[in-house]
Amino acid sequence: MRYDDFRRSDDIEDRRDEGGMGGGGMGLPIGGGGLGIGTIIVLGLIGYALGIDPRILIGGAEMVSHGGAPSYQADRRTPGKTGAPKDEMGDMISGVLGEIDDRWSEIFQANGQRYTGPKIVLFRNSTNGGRCGMAQSAMGPFYCPPDRQIFLDTNFFRQVETRFHGCSGNACKFTAAYIIAHEAGHHVQNLLGILPRVTRLQQQAGSKAESNALQVKVELQADCLSGVWVNREAKKRPGFLEEGDIDAALTTASAIGDDTLQRQATGRVVPDSFTHGSAAQRKHWFMVGYQQGTVQACNTFGADQL
């Protein structure tokens, strides 16, 4: 991926010098009863991929069980340095966010809407995740809807290369862009009112499997929306994609499919517990967005078959 001419965004808060805990408590859902530890561990393992904070998935299961929204400990965040970082990794992330904001602003404007981009919080190990509780490396990148922020431990990109074998060499830069664009896809869903509607439907769901199925549609749509950004960016900057970039994104999508992760973690696959979609589904929906380049193409909720 060539990103030298990307517009750098200042909507970055860099907490990587904190060295760990950024103040505040764990922020896990609080309430009577709760999920068994086995369920929490399974959801945590599945959530170790792209997408919304796994505690929100756990919270969704809590809502199904108890019929109410999970509560979180108070927001006591520690501010970090703001603005475009100067190191290589931070500079790339700032450039990717700038281009994501510009392309989505164009898409929203063409539909008579106004786009306001998300903030990205960079951290190492753990930090205060605002109204979504404590952000920790093991969760992978996630989007916090109430604060409209993406939390990102940059070590995750190295894990994609070493643990998930999702990319190698320069292609890892594009894989990082795909991951950030997926999280920005959740932000788009939030702005369009999709995330609040899904939360309400999950509260009304008759079973955990039904709630999980809704979450899968959310995640696959975010994969598709990341493909939409790549499509628009490639048209705006024809030289930004390099050989092997798309293959690297597809390899990563496959590596973090629920079936792949479950097989590695437990040796078996349980489709009813999927929260992000299978490897084949994630690859398919990214390519739908990339090939068609429209939000309308990403209607995973209206698709007869995912």
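In this text, residue positions in the sequence shown follow our numbering: the first is 7, and each later residue adds one. For glycine and all other residues, C-beta sits at the position ideal for the given N, C-alpha and C.
| Check | Outcome |
| --- | --- |
| Proximity winner among L198, G199, S217, relative to L2 (alpha-carbon distances) | The question about residue 2 has no answer, for the chain in this structure spans 7 to 312. |
| Identity of the residues DSSP links to D20 by a beta bridge | K87, L128 |
| Option nearest K241 by Cα separation, candidates R109, A141, T133 | R109 |
| In DSSP terms, what D159 is bridged to | F129 |
| Beta carbon of E19 nearer than 8 Å to that of G86 | yes |
| Alpha-carbon to alpha-carbon, V204 and A228 | 13 Å |
| Endpoints, alpha helix (DSSP H) assigned at C178 | 177 to 197 |
| For Q142, the residue or residues it bridges with in DSSP | S132 |
| Delimiting residues of the beta strand (DSSP E) encompassing F148 | 148 to 150 |
| Contact belief for D251 with M7 at Cβ below 8 Å, rounded distance in angstroms | 6 Å |
| Own chain residues within Cβ distance below 6 Å of Y121, not counting five before or after | W110, S111, F114 |
| Distance, N176 Cα to A285 Cα | 23 Å |
| Which listed residue (D97, K223, F180, D17) has its alpha carbon closest to that of E249 | F180 |
| Start and end residues, alpha helix (DSSP H) containing M98 | 94 to 116 |
| Burial state of R164, where buried means 16 or more other Cβ atoms lie within 10 Å | exposed |
| Reduced DSSP secondary structure (H/G/I, E/B, other) of R299 | According to the sequence displayed, residue 299 carries Gly and not Arg. Of the three classes helix, strand and coil, the one that applies to G299 here is coil, per DSSP. |
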